[in-house]
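All remarks here apply to the structure that follows.
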Amino acid sequence: MGPVASQPILAHLREKIAEIDPHLKPALPEENRELRLLDPVDAVLGGGLACGALHELAPGKPGHLAATSGFAMAAAARAGGEVLWIATDFAMSEGGGPYGPGLDLFGLPLSRLLMLRVPRPADVLLAMEDALRCRALGCVIAELTGEGTEADLTATRRLSLAARDGVSDRVSGLGLLIRHRATAEPSAAATRWEIATAPSLPDRLGGLVGGLGRTRFDLSLRKNRRGPSGRWIIEWNHHERAFQSAVPVGVAAPAFDRPHRAAIARAG
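So the sequence shown is numbered by the working numbering: it starts at 100 and just counts up by one.
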């Protein structure tokens with residue numbers, strides 16, 4: 100078998116090894132440092148969620164912080180390696196901390212998670228910057244309460260550079276900044292997401308808890324340095340430890356990405 104023909108097989112074997120033990124995650128190819136989510140989403144992202152970069156997450160609706168944290172956990176689990184979660188004491192008291200059994204359903208066992216509580220929002224950013232440069236961590240998640248004004252353009256640029264410096268041949272260097280409230284302020288993050296829960300179909304086979312269906316996310320990509328924005332309804336398959344499409348048809352894009360009505364009328 101020639102070297103070209105064997106590449107897909109080798110890639111498949113690497114993924115299977117990572118599923119068995121995320122600590123044995125293989126080296127990241129230089130030409131493909133993206134974290135794959137789901138094909139339609141990856142296509143807009145230029146191959147997947149960029150590693151060695153900062154990404155911002157926020158609730159798409161009031162009270163949907165848990166969905167935002169859940170998406171972050173799923174992404175972190177797929178990144179492999181150790182995960183550091185940074186939050187202030189106030190953030191932990193307001194939104195709560197990660198729940199062990201829930202983490203396991205997202206493929207992130209407690210043995211891979213490190214928690215760091217700090218007194219001030221400014222300390223969150225300082226700790227995140229240092230942690231992103233640490234090549235022993237696969238992903239760094241940080242929470243900012245309120246509008247998170249401390250994470251301005253200058254601060255997010257520093258975090259982005261730190262994430263880039265933290266990439267090695269074994270870790271993803273993924274930085275996920277969770278804002279408790281969405282913002283339109285300038286940011287150096289590679290992407291900005293608003294995430295909400297979406298109704299799931301009941302599981303007639305019993306499901307995880309009393310017939311509840313799979314976790315669904317309403318994803319809105321508000322900023323994308325590699326291309327357009329978009330919106331998708333996806334769900335998490337707890338058995339496959341992977342995202343999958345939740346609806347057979349596309350979801351309406353955000354209003355600011357739709358063609359102008361007058362232009363459509365002129366086009367006939």
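Even for Gly, the Cβ is constructed at its ideal location relative to N, Cα and C. Note that the coordinates shown come from a computational prediction; the quantities given were computed from them, not determined experimentally.
1) For residue 131, which residues in the same chain have their Cβ closer than 8 angstroms to its Cβ, ignoring the five residues on either side in sequence?
2) If you follow the alpha helix (DSSP H) that residue 342 is in, where does it begin and where does it stop?
3) Starting from the C-beta of residue 299, find all residues in its chain whose C-beta is less than 6 angstroms away, skip the five residues before and the five after it, and write them out in chain order.
4) What residues match up with residue 316 in a beta bridge as DSSP calls it?
5) Across the segment 196-205 and the segment 218-237, are there enough close Cβ pairs to call them in contact, namely three or more that are closer than 8 angstroms?
6) Under a three-way DSSP split, which group does residue 152 fall into?
7) Assign residue 317 to one of two classes, buried (16 or more other C-beta atoms within 10 Å of its C-beta) or exposed (fewer than that).
8) Take residue 129 and list the residues in its own chain whose beta-carbon comes closer than 7 angstroms to its own, dropping the five residues that flank it on each side.
9) What is the DSSP secondary structure of residue 84, reduced to helix, strand or coil?
10) Is residue 136 helix, strand or coil when you go by DSSP?
11) Would you call the CB atoms of residue 335 and residue 173 closer than 7 angstroms?
12) Confirm, please, whether the CB-CB distance from residue 181 to residue 211 is below 7 angstroms.
13) Tell me, please, whether the segment 253-269 touches the segment 182-190 by the rule of three or more beta-carbon pairs shorter than 8 angstroms.
14) For residue 321, which option in 134, 144, 137 and 133 has the closest C-alpha, if you only look at C-alpha atoms?
15) Could you check whether the segment 213-224 touches the segment 149-167, counting it as contact only if at least three pairs of C-beta atoms, one from each stretch, sit closer than 8 angstroms?
16) Taking residue 136 as the reference, give the member of 176, 288, 188 and 325 with the closest Cα.
17) If you draw a straight line from the C-alpha of residue 121 to the C-alpha of residue 148, how long is it?
18) Could you check what DSSP says for residue 143 in three-state terms: helix, strand or coil?
19) Please report the straight-line C-alpha distance between residue 338 and residue 285, rounded to a whole angstrom.
20) Put residue 194 into one of helix, strand or coil per three-state DSSP.
21) I think residue 266 touches residue 179, with their Cβ atoms under 8 angstroms apart; what is that distance to the nearest whole Å?
22) Does DSSP put residue 180 in a helix, in a strand, or in coil?
23) For residue 249 and residue 283, I'd like the C-alpha separation in whole angstroms.
24) Exposed or buried, which one is residue 187 when buried takes at least 16 other CB atoms within 10 Å?
25) I need the straight-line Cα distance from residue 296 to residue 190, nearest angstrom please.
26) I'd like to check one pair, residue 171 with residue 156: are the Cβ atoms closer than 7 angstroms?
27) Grouping DSSP H, G and I as helix and E and B as strand, with all else coil, what is residue 283?
Concretely, from the data shown:
1) The sequence position of residue 131 within the sequence shown is 32, counting from 1. Only weak support is given to the placement of residue 131: the predicted model assigns it a pLDDT of 43, under 50, and the value that follows is read from those uncertain coordinates. Result list for residue 131: 146, in chain order.
2) The residue you call residue 342 lines up with position 243 of the sequence shown. Counting along the chain, no alpha helix (DSSP H) covers residue 342; the unbroken beta strand (DSSP E) around it starts and ends at 341-344.
3) For the purposes of this step, residue 299 is taken as the residue at position 200 of the sequence shown. Once the five neighbours on either side are set aside, the close Cβ partners of residue 299 are 312, 313 and 315.
4) Within the sequence shown, residue 316 is the residue found at index 217, counting from 1. Residue 316 pairs with 296 and 333.
5) Contact between the segment 196-205 and the segment 218-237 is absent: fewer than three C-beta pairs spanning the two stretches fall below 8 angstroms.
6) Looking up residue 152 in the sequence shown gives position 53. For residue 152, the three-state secondary structure derived from DSSP is strand.
7) As a first step, residue 317 must be located in the sequence shown, where it is residue number 218. With 16 or more other Cβ atoms within 10 Å, it is buried.
8) By 1-based counting over the sequence shown, the position of residue 129 is 30. Low confidence applies here, because residue 129 scores a pLDDT of 48, under 50, leaving its location unreliable and the question unanswered by this model.
9) A question about residue 84 goes unanswered here, because the residues of the chain that appear run from 100 up to 367.
10) Within the sequence shown, the letter at position 37 stands for residue 136. It is coil, neither helix nor strand.
11) Along the sequence shown, one-based indexing puts residue 335 at 236. Along the sequence shown, one-based indexing puts residue 173 at 74. If you check the CB distance, residue 335 and residue 173 come in under 7 angstroms.
12) Position 112 of the sequence shown, counted from the first residue, corresponds to residue 211. Position 82 of the sequence shown, counted from the first residue, corresponds to residue 181. In contact: residue 211 and residue 181 (Cβ atoms closer than 7 angstroms).
13) No, the segment 253-269 does not touch the segment 182-190.
14) Within the sequence shown, residue 321 is the residue found at index 222, counting from 1. In terms of Cα proximity to residue 321, the closest of 134, 144, 137 and 133 is 144.
15) At 8 angstroms Cβ cutoff, the stretches do not touch.
16) For the purposes of this step, residue 136 is identified with residue 37 of the sequence shown, where counting begins at 1. Minimum Cα-Cα distance from residue 136 among the listed residues 176, 288, 188 and 325 corresponds to 176.
17) Within the sequence shown, the letter at position 22 stands for residue 121. Within the sequence shown, the letter at position 49 stands for residue 148. Because the pLDDT at residue 121 is just 48, under 50, the model does not fix this residue reliably, and the value given afterwards should be weighed accordingly. When rounded, the distance between both Cα atoms is 18 angstroms.
18) For the purposes of this step, residue 143 is identified with residue 44 of the sequence shown, where counting begins at 1. Of the three classes helix, strand and coil, the one that applies to residue 143 here is helix, per DSSP.
19) To locate residue 338, count along the sequence shown from 1; it is residue 239. To locate residue 285, count along the sequence shown from 1; it is residue 186. Cα to Cα, the separation comes out at about 38 angstroms.
20) Stepping through the sequence shown from its first residue, residue 194 is reached at position 95. In this structure, DSSP gives residue 194 a helical state, which the three-state scheme calls helix.
21) Mapped onto the sequence shown, residue 266 falls at position 167. Mapped onto the sequence shown, residue 179 falls at position 80. About 13 angstroms separates the beta carbons of residue 266 and residue 179, which is beyond the 8 angstroms limit, so they are not a contact pair.
22) Taking the sequence shown and counting its residues from 1, the one referred to as residue 180 is at position 81. Residue state, collapsed to three classes: coil.
23) What you label residue 249 is simply residue 150 of the sequence shown in a count that begins at 1. What you label residue 283 is simply residue 184 of the sequence shown in a count that begins at 1. One alpha carbon belongs to residue 249, the other to residue 283, and they sit about 14 angstroms apart.
24) What you label residue 187 is simply residue 88 of the sequence shown in a count that begins at 1. Classification of residue 187: buried, given that the 10 Å Cβ count is 16 or more.
25) Along the sequence shown, one-based indexing puts residue 296 at 197. Along the sequence shown, one-based indexing puts residue 190 at 91. Residue 296 and residue 190: Cα-Cα distance of roughly 20 angstroms.
26) The count along the sequence shown starts at 1 and reaches residue 156 at position 57. The count along the sequence shown starts at 1 and reaches residue 171 at position 72. Going by C-beta atoms, residue 156 is nearer than 7 angstroms to residue 171.
27) Indexing the sequence shown from 1 puts residue 283 at position 184. In the structure shown, residue 283 adopts coil according to DSSP, grouped into three states.
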